[in-house]
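A.B. asks: Residues 18 to 103 (my numbering) make up the sequence shown, in order. Built from N, CA and C at the ideal position, the CB exists for glycine as well.
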Amino acid sequence: MPIYEFECEGCGAVFEELVAADVAAPACPECGAERTRRLMSAVSAPSRMPRGAGVRSDESRRREKVAARQDRITESRKRRAAGEKP
Ligand SMILES: [Zn+2]
18 MPIYEFECEG
28 CGAVFEELVA
38 ADVAAPACPE
48 CGAERTRRLM
58 SAVSAPSRMP
68 RGAGVRSDES
78 RRREKVAARQ
88 DRITESRKRR
98 AAGEKP
């Protein structure tokens, strides 16, 4: 869930709220006015890891490495099995 910055239209206070994107703007914590508007800057929550394309590509690269290693192990096993046969 992203943290959004809101600005109160009543008193001009700027505050941060952790809200879902489709939830209505929260009331101002300073004066209680419900006329607040969301500022454009969305800050991702610091406790969350980014889930971007970079993370996904890293994961797929790791999976490829594991698959390649397993291929090599299978190949060497096959070769050993073939060599042991009379
Ligand atoms: Zn206010």
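Cα separation between G49 and R55?
C.D. replies: Position 32 of the sequence shown, counted from the start, is the residue given in the question as residue 49. Position 38 of the sequence shown, counted from the start, is the residue given in the question as residue 55. Distance between the alpha carbons of G49 and R55 is about 16 Å.
A.B. asks: What is the C-beta distance between P43 and E33, in whole angstroms, given that I count them as a contact (C-beta under 8 Å)?
C.D. replies: Along the sequence shown, one-based indexing puts residue 43 at 26. Along the sequence shown, one-based indexing puts residue 33 at 16. The Cβ separation is near 10 Å, so there is no contact.
A.B. asks: Mind checking whether the beta-carbon of A30 lies closer than 7 Å to any heavy atom of ligand 1?
C.D. replies: Position 13 of the sequence shown, counting from 1, holds the residue named residue 30. The answer is yes for A30.
A.B. asks: Pick from M18, P46 and T53: whose alpha carbon is nearest that of V36?
C.D. replies: One-based indexing of the sequence shown puts residue 36 at position 19. It is M18 whose Cα lies nearest to the Cα of V36.
A.B. asks: Is the distance from the Cβ of E51 to the Cβ of C28 below 8 Å?
C.D. replies: The residue given as residue 51 occupies position 34 in the sequence shown. The residue given as residue 28 occupies position 11 in the sequence shown. In this structure, C28 does not lie closer than 8 Å to E51 by Cβ.
A.B. asks: Consult DSSP for E101 and reduce its assignment to one of helix, strand or coil.
C.D. replies: Residue mapping note: residue 101 aligns to position 84 of the sequence shown, counting from 1. It is helical.
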